[in-house]
Amino acid sequence: MEYRYLGKTGIQVSTLSFGSWITFGNQISDKVAKSLMVYAYENGVNFFDNAEIYANGKSEIVMGTILKDVNWDRSSYLLSSKVFFGDGGTLPNQRGLNRKHIVEACHAALKRLQVEYLDLFYCHRPDKNTPMIETVTTMNHLIQQGKIFYWGTSEWSGVEIMEANMVAKENNLIGPVMEQPQYNMFHRDKIEVEYDKIYDTVGLGTTIWSPLASGTLTNKYLGKFPNSTRLGLSELNWLKERSLTEERLQKIEKLNEIAQDLNVSLPQLAIAWCVQNKRVSTVILGASKLDQLKENLKTMDLLPNLPAEKLEQIETILDNKPKKPMF
Ligand code: NDP
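Heads up: the sequence shown at position 197 corresponds to 537 in our numbering, and the numbers run straight through without jumps.
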């Protein structure tokens with residue numbers, strides 16, 4: 341396993357990490373969840389990703405129980421949570437990035453995960469209703485208290501990340517150091533264009549999500565619709581409609597041929613494609629079955645470098661390279 345520094349911080353994160361969205365406390369049993377975490381850890385994964393909203397807090401409870409059970413040295417792995425969406429409450433102040441909710445969400449995550457501190461704590465989305473200084477001050481306070489070590493953002497615009505850093509700098513506070521955006525062959529703008537300048541100015545690290553576009557960058561939807569997959573879950577109908585368009589399926593078919601040329605699977609090609617972008621600190625994998633995780637974690641052994649001519653062929657198939665504005 342390769343480890344990369346998380347932006348300009350001094351911590352190193354495995355290039356392949358593991359997250360629990362949709363799966364833990366929801367789609368898969370706790371037994372499978374444990375087998376996935378143990379396999380990931382034993383194969384060099386050192387970052388486990390979570391959020392208050394995942395299964396309304398249940399995902400953190402499942403992960404916390406596993407962590408307690410396996411009793412790994414706390415210094416050997418990084419653990420995250422995210423605040424913004426709440427864990428199911430709908431009353432005022434039960435979500436957002438105000439001081440009250442951030443502090444309560446942090447305390448709730450620590451309790452559910454059964455740990456003394458979070459290594460990474462993310463603002464899961466920007467909050468248009470809370471002043472930036474309130475969010476930045478609160479995150480800084482949690483760092484000073486030793487409850488979190490680093491804070492970051494998820495799906496914030498480049499301007500919002502810069503504003504948070506500016507507010508932090510003006511007030512001698514610690515600003516956000518990592519962002520968690522979606523990044524995969526079908527979704528490229530933020531990583532490839534929008535954050536281009538911030539990588540160097542603020543030293544942004546990135547922990548990217550949905551490298552397989554929710555499991556569509558596989559061959560399993562080509563000409564069929566298998567049972568028991570994420571896109572078959574009734575509550576995710578919106579995601580299925582967005583993901584399995586005719587245009588995408590045609591591209592997936594051609595990408596699958598490139599994977600076959602390289603003697604790898606399409607998920608392995610799609611993961612290697614994310615990893616080859618050095619702006620990506622870690623690719624967060626998801627899996628509903630152990631065999632998937634085994635396949636995905638083999639990626640860097642099978643495909644440590646993507647040949648330039650294959651990258652060009654992929655670019656031609658995708659036909660979606662984001663353009664940097666000229667002015
Ligand atoms: P992916 O796009 O890789 O999707 C993972 C899913 O794809 C699996 O659960 C499985 O679903 C399917 N899959 C995985 N590997 C294979 C394989 N080899 N063959 C066939 N199917 C496969 O990642 P996620 O969308 O799960 O995102 C990863 C993590 O990122 C999340 O767990 C979460 O921690 C984080 N995240 C963060 C977000 C944010 O807003 N910050 C948003 C979303 C995710 P199935 O078998 O059911 O088809």
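The beta-carbon is built from N, C-alpha and C at its ideal position, and this holds for glycine as well.
- Counting every other CB atom within 10 Å of its CB across the protein chains shown gives Glu597 a total below 16, marking it as exposed.
- Distances between the C-beta of Lys374 and the heavy atoms of the ligand NDP are all 7 Å or more.
- The Cβ neighbour count for Gln520, taken over all protein chains shown within 10 Å, is at least 16; the residue is labelled buried.
- With respect to the 8 Å criterion, Thr355 and Val533 are not classified as neighbours on the basis of their beta carbons.
- Unbroken alpha helix (DSSP H) stretches of 4 residues or longer found wholly inside the segment 392–463: 398–410, 439–453, given in chain order.
- Here Asp631 carries a helix assignment [DSSP, helix/strand/coil].
- For the pair of segments examined, the segment 406–426 was found to touch the segment 445–453: the number of CB pairs separated by less than 8 Å reaches three.
- Secondary-structure assignment with DSSP links Asn524 through a beta bridge to His527.
- If the five residues before and after Lys638 are omitted, its C-beta is found closer than 8 Å to the C-beta atoms of Gln608, all from its own chain and listed in chain order.
- For the segment 528–587, the continuous alpha helix (DSSP H) assignments of 4+ residues that do not extend past its boundaries occur at 538–541, 577–583, in sequence order.
- Of Asn383, Asn396, Gly350, Tyr343, the smallest CA-CA separation from Asn366 is found for Asn396.
- As the crow flies, the alpha-carbon of Ala391 is around 9 Å from that of Gly426.
- The criterion of a C-beta distance shorter than 8 Å is satisfied by Phe388 and Tyr417.
- By the Cβ rule, the segment 563–571 does not count as touching the segment 543–551, because fewer than three pairs are nearer than 8 Å.
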